[in-house]
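Each number in my numbering comes from the position in the first sequence (counting from 1) with 2 added on. Have a look at the structure below before the remarks.
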Amino acid sequence: MHWADVAAQSLSHKGDKHVVSTGITPSGEFHIGHLREILTGDMIARAARDAGLDVDFVFVIDSADPLRKVYDFLGPEYEQFVGNQLGAIPAPKDDGNPDWERFENEGWTYANHFLEPFLSALHQIGVQPRLVDNLESYRKGNFAALSKIACDRADDIRECIERISGRELPDDWFPWSPLNSKGGLDKVRVIGYEYPLVHWEDEYGQNGSSDITKGEGKLPWRIDWPAKWGWIGVTCEAFGKDHGAAGGSYSTGREIVEILGHKPPQPLVYEWISLKGKGAMSSSAGNTVGPIEALQLVPPEILRLLIAKSKPNKAIEFDTGMGLVTLADEYERLSARDFEQELANQELSRRQRVQIEDAAGAMRMASTISGNQVQSAAVTFRHLALLAQTKKSDEDVWRSLKDSGAVLTVTPQLQDRLDRMRYWIQSSHFPDEMRIKILSQPSVDVIQHFNKEEEDILRALTVELSNCQWTKKDISAAIPRSIESLAVSHKWLAYKVAYLCLMGVEKGPRLAPILSEMNQNEIVSLLESCIKILDS
RNA sequence: GGGCCUGUAGCUCAGUCAGGUAGAGCGUCGGACUUUUAAUCCGAUGGUCGCGGGUUCGAACCCCGUCAGGCCCGCCA
């Protein structure tokens with residue numbers, strides 16, 4: 003059974019109505035690591051709906067969290083906002099400085115700025131969560147009742163956090179962080195509490211009172227999270243392994259939520275995604291691939307498959323090079339299979355059955371539209387990469403595919419895939435080994451090892467190519483013609499010789515279309531240089 | 001110091017919760033086919049399940065220990 007179905011089955015034992023929640027702090031550029039958070043939740047929600055449960059899928063935007071520091075991509079003006087809430091400060095412009103104009107005129111915040119492109123990526127990927135803005139929720143009073151319990155039972159919560167996390171809280175710790183006189187959550191100390199007011203004094207010499215029912219502050223993270231579970235009614239949440247460790251925020255949260263009078267949600271801990279060869283995603287280290295960029299390379303179904311096929315506790319290495327080819331080709335293979343038919347076979351061992359079920363489940367989760375049969379593009383990534391490199395116009399690509407019978411009509415999906423392929427080829431992610439290159443100089447090492455037979459073929463080939471019309475059709479006829487008058491052992495040797503001389507490898511893509519795009523004189527003179535090497 | 005996760009074929013992993021002949025895909029090798037020669041099809045190859053003990057008729061799976069890698073116990077998906 004697919005992991006999402008396992009989670010759904012477990013939920014079904016607990017009731018028919020569920021709220022599956024996810025949450026991200028919009029502190030900077032989103033990356034595909036964040037996609038795992040959302041997609042893991044989305045897949046559980048889909049599986050639960052497929053199992054007949056009533057599911058509300060929620061994405062909490064943690065806009066009430068403070069700006070922790072002036073990140074590298076921010077200008078020095080952001081110093082004044084450190085400690086202030088992300089949903090209450092202006093967004094950075096391209097130069098890293100705050101965009102006051104949009105902030106004042108449209109209320110365009112830091113949180114909006116980073117969230118918007120992510121939401122558009124989610125739309126493409128087929129994820130449609132109900133959005134909950136955390137800062138707005140505080141302001142509307144959604145946290146009011148639970149904040150009161152937390153403040154009333156400050157000692158119980160303190161005991162819980164100290165016991166489970168093993169960390170000692172300062173004497174003036176209080177389960178409510180008030181906003182100071184400059185709108186920040188730091189540099190402030192709680193000096194008293196009388197519901198609904200938390201009294202404070204800050205390092206600027208000011209003091210005041212924060213109304214916990216009006217969002218004039220927030221609950222500290224370890225209480226904020228369980229309070230969200232409480233008022234939203236979360237019954238299931240997937241979260242990163244950082245929260246999942248013993249002593250981490252889930253282990254304190256599950257007890258704190260009971261103090262607040264609610265049940266903890268069913269957890270699912272997932273591993274992180276790293277960029278192949280570059281370690282964990284980190285915005286500050288600059289080694290990120292954003293969801294938008296990832297979508298320029300791969301179609302959304304394939305991105306979904308990446309998450310769906312790996313069990314959550316497996317770390318994923320996102321490889322934008324050859325790994326992408328393998329992944330995409332795997333998708334094509336899977337989409338061509340008939341899982342129902344395979345499962346009808348009674349002879350299957352338990353192990354084989356599990357494997358087929360998991361593959362079927364992964365494909366069910368990969369579709370951007372729940373319940374839709376995933377569609378095969380009928381063309382592998384490899385083949386398309388080849389065509390996209392050798393054909394200048396899209397029309398030529400389609401003609402080739404139609405001629406070969408691989409494709410009957412050009413669907414929007416195919417066009418879409420070709421567009422992404424062309425983008426990928428131009429990007430730095432495109433792997434060298436996929437790149438078609440005609441040598442500029444002959445590969446001396448290779449040519450020197452030619453035997454007599456290969457040498458003869460080379461001479462004949464050179465003559466044929468220099469005499470033929472420089473069109474695809476004539477070139478493709480010319481290559482096999484070069485061996486006609488020779489008693490060669492294998493007819494494919496003509497191609498082997500051509501590949502070795504022109505590309506330095508034994509096998510390659512169809513030569514004629516590539517050569518026809520090149521200059522005849524250059525190709526012929528390359529072959530002549532090869533002959534010179536043999537003559538010398 | 002305390003804790004979590006991972007370790008199975010060259011690679012990516014399933015199988016561990018419910019112990020019962022060691023599994024897939026990719027790769028590799030071989031063959032077929034071909035003016036679709038990075039394609040396609042067929043076949044083969046491949047593992048002391050990290051290591052050591054224990055429980056059991058029987059252990060990749062349960063228990064104890066151990067090694068290695070990653071992570072958490074301020075913040076982070």
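Positions of the beta carbon are idealized from the N, C-alpha and C atoms, including for glycine.
Assignment of beta-bridge partners to R191 by DSSP yields E203.
The residue among H431, S430, W400 with its C-alpha nearest the C-alpha of L416 is W400. Between V192 and R70, the alpha-carbon positions lie close to 20 Å from each other.
Ranked by how close their Cα comes to the Cα of P94, the residues T111, S337, S211 have T111 in first place. In the structure shown, the three-state DSSP call for D321 is coil.
Counting every other CB atom within 10 Å of its CB across the protein chains shown gives N86 a total of 16 or more, marking it as buried. A direct Cα-Cα distance of roughly 47 Å separates E170 from M365.
Going by DSSP, E161 is part of the alpha helix (DSSP H) stretching over 156-167. G30 and F75 do touch by the CB rule: their CB atoms are close to 7 Å apart, below 8 Å.
Pairwise C-beta distances place the region 122-136 in contact with the region 292-303, as three or more of them are shorter than 8 Å. Boundaries of the alpha helix (DSSP H) around V8: 5-14.
Listed in chain order, the non-local C-beta contacts of C532 below 7 Å within the same chain comprise P444, I449, L460, C503, local neighbours out to five positions each way being set aside. The C-alpha of E456 is placed about 16 Å away from the C-alpha of L467. Residue ranges of uninterrupted alpha helix (DSSP H) with 4 or more members, entirely inside the region 251-281 and ordered along the chain, are 251-261.
Per DSSP, I309 is one residue of the alpha helix (DSSP H) stretching across 302-311.
Counted as a single uninterrupted DSSP element, the stretch harbouring N469 is not any beta strand (DSSP E) but the alpha helix (DSSP H) occupying residues 454-469. The closest CA to that of L388, considering only W231, N209, A514, is found on A514. With fewer than 16 neighbouring CB atoms inside 10 Å of its own CB, I438 falls in the exposed class. Under the rule that a run must span 3 or more residues, the beta strand (DSSP E) segments found entirely inside the region 19-99 read 19-26, 56-63.
When C-beta atoms of the region 135-155 are compared with those of the region 210-220, three or more pairs fall below 8 Å, so the two segments count as touching.
Under the DSSP assignment, L133 falls in the beta strand (DSSP E) whose first and last residues are 132-135.
Taking P131 as the centre and dropping the five residues before and after it, the same chain places the C-beta of T24, I40, G43, D44, F59, V60, F61, L124 closer than 8 Å to its C-beta, in chain order.
With respect to the 8 Å criterion, L441 and L528 are classified as neighbours on the basis of their beta carbons. Per the C-alpha coordinates, the member of N347, G250, H431 positioned closest to P269 is G250. Here A240 carries a strand assignment [DSSP, helix/strand/coil]. Under DSSP, the beta-bridge partners assigned to E196 are L199. Following the DSSP letters along the chain, one finds S518 inside the alpha helix (DSSP H) bounded by residues 513-518. For A480, same chain residues with a beta-carbon under 7 Å away, outside a window of 5 residues either side, are E466, L467, C470 in chain order.
For D213, the enclosing beta strand (DSSP E) has its first and last residue at 209-213. By the Cβ neighbour-count rule, M367 is buried, with 16 or more other Cβ atoms within 10 Å of its own. If you look at Q354, you'll find it in the alpha helix (DSSP H) that goes 352-368. The C-beta distance from A310 to F383 rounds to 18 Å, too long to fall under 8 Å, and the pair is not in contact. Straight across, the Cα-Cα distance linking Y272 with N315 is about 5 Å. With contact defined as three or more Cβ pairs closer than 8 Å, the region 331-351 and the region 7-19 are not in contact.
With fewer than 16 other Cβ atoms inside 10 Å of its own Cβ, G77 counts as exposed. For I225 against I159, the beta-carbon gap comes to about 6 Å, under 8 Å, which counts as contact.
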